[in-house]
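All remarks here apply to the structure that follows.
In structure tokens:
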């Protein structure tokens, strides 16, 4: 699974990272990358974070790999949103996009990618960390077999939930 994050959007939605970000942008980015590296070690997913570089960025898009996490900076005059849309298109829609920006989420959905808000992702990262500390995966528990409506969700929603369950 490929997880693509809207970097500054996630930082500003994550309380601990937002506090660091207010003091220094670099501190917020480093803290996010540290969290993602730990999550990647636990889950093994491919992760790419996209940051805006349109104000101070270069004339070409910059990419680097930090501890197994891909980092992209948009080129000058381009937003991270456009880079995310391009990455989703390149990935064939099989990605999970993490952003609380509705425009980014809508663009991802139109291209067939699943979408997750920053607070939801933060909850999953923290749950994954706790599960790894306990030595098990909380998702390994059997589903409850209870009674309820047999209504089936639409195909797109079932596909989205299947992808998000893998997180």
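Residue numbers (the numbering used here): 27 to 193.
Note that the Cβ used here is the ideal one computed from N, Cα and C, for glycine as well.
Beta-carbon proximity of residue i to residue j, cut-off 9 angstroms
i, j, result
"residue 97", "residue 30", "no"
"residue 118", "residue 77", "no"
"residue 151", "residue 87", "no"
"residue 125", "residue 134", "yes"
"residue 213", "residue 66", "Since the first and last residues shown for the chain are 27 and 193, residue 213 lies out of range."
"residue 40", "residue 58", "yes"
"residue 95", "residue 35", "no"
"residue 140", "residue 108", "no"
"residue 142", "residue 179", "no"
Residue i versus residue j - alpha carbon distance
i, j, result
"residue 121", "residue 188", "12 angstroms"
"residue 54", "residue 184", "34 angstroms"
"residue 161", "residue 154", "10 angstroms"
"residue 164", "residue 69", "Caution is warranted here: a pLDDT of 48 is assigned to residue 164, below 50, making its placement in the model unreliable, and the coordinate value is therefore given only provisionally. Cα to Cα, the separation comes out at about 12 angstroms."
"residue 91", "residue 56", "13 angstroms"
"residue 50", "residue 145", "21 angstroms"
"residue 159", "residue 106", "34 angstroms"
"residue 168", "residue 103", "Model confidence at residue 168 stands at a pLDDT of 48, short of 50, so the residue's coordinates are unreliable and nothing is read from them."
"residue 182", "residue 93", "33 angstroms"
"residue 14", "residue 186", "Since the first and last residues shown for the chain are 27 and 193, residue 14 lies out of range."
"residue 89", "residue 113", "12 angstroms"
Residue i burial status per 10 Å Cβ neighbour count (16 or more: buried)
i, result
"residue 127", "buried"
"residue 43", "buried"
"residue 45", "exposed"
"residue 177", "exposed"
For residue j and residue i, believed in contact at Cβ under 8 angstroms, the rounded distance
i, j, result
"residue 79", "residue 48", "About 20 angstroms separates the two Cβ atoms, so there is no contact after all."
Closest Cα partner of residue i within the set the options
i, options, result
"residue 157", "64, 137 and 54", "64"
"residue 138", "146, 147, 144 and 123", "123"
"residue 111", "92, 89 and 136", "136"
"residue 37", "182, 113 and 148", "148"
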